[in-house]
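Each remark here refers to the structure printed beneath this line.
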Amino acid sequence: MTHQRRSSSINVRTESGSSTMAWEDICGDAAWQGRWVALDDCAYNAAGEATAGLVVDYDDNLADLCARLSAERRKRCSVVYCPPAESAA
């Protein structure tokens, strides 16, 4: 079984300045579907769920993602699972 993993350095934000994305937009992007996504600068709903944020990293493997976040000392990120397209609706 082949897993596609993010191998470039952490930080999806670009120097041109990415903006906060709504969770619905994140789930609609094929790059993150079926993967764990780390969000920074999050907005939350009353239930405490992230509703928007900046994608800073992602991976198929939760442990690998958390290890990179820890190595980069990113302690304020929310890590959420972005469902595959067929279950995103």
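Per my numbering, the sequence shown starts with residue -6, numbered consecutively. C-beta: ideal position from N, C-alpha, C; glycine also. It should be emphasised that the depicted structure is a prediction, and the values quoted were computed from it without experimental measurement.
Could you name the residues of the same chain whose beta carbon sits closer than 6 Å to that of residue i, not counting the 5 residues immediately before and after it, in chain order?
i	result
Y51	R(-1), W25, R28, V30
L55	W29
Rounded to the nearest angstrom, what separates residue i and residue j at their Cα positions?
i	j	result
M14	L47	6 Å
D34	E79	28 Å
A83	P76	Because the chain here runs from -6 to 82, residue 83 falls outside it and cannot be looked at.
V49	V73	12 Å
K68	A43	15 Å
D57	W16	22 Å
G41	R66	23 Å
A39	S12	22 Å
C20	R61	22 Å
A64	D18	28 Å
Can you name the residues that DSSP bridges to residue i?
i	result
C75	R28
G46	M14
D52	W29
According to DSSP, is residue i part of a helix, a strand, or is it coil?
i	result
A15	strand
S2	Legend: pLDDT at S2 = 41, less than 50; position of this residue unreliable, value from coordinates given subsequently. Looking at S2 - three-state DSSP - the assignment turns out to be coil, as it is neither helix nor strand.
D22	coil
C35	strand
A60	helix
R66	coil
Tell me which residues share the same chain as residue i and place their Cβ nearer than 7 Å to its Cβ, disregarding the 5 neighbours each side in the sequence.
i	result
R71	Before going on, a small fix: residue 71 reads as Ser here, not Arg. Counting only Cβ-Cβ distances below 7 Å, and skipping sequence neighbours, we find L32, C35, A43, G46.
Y37	A43, T44
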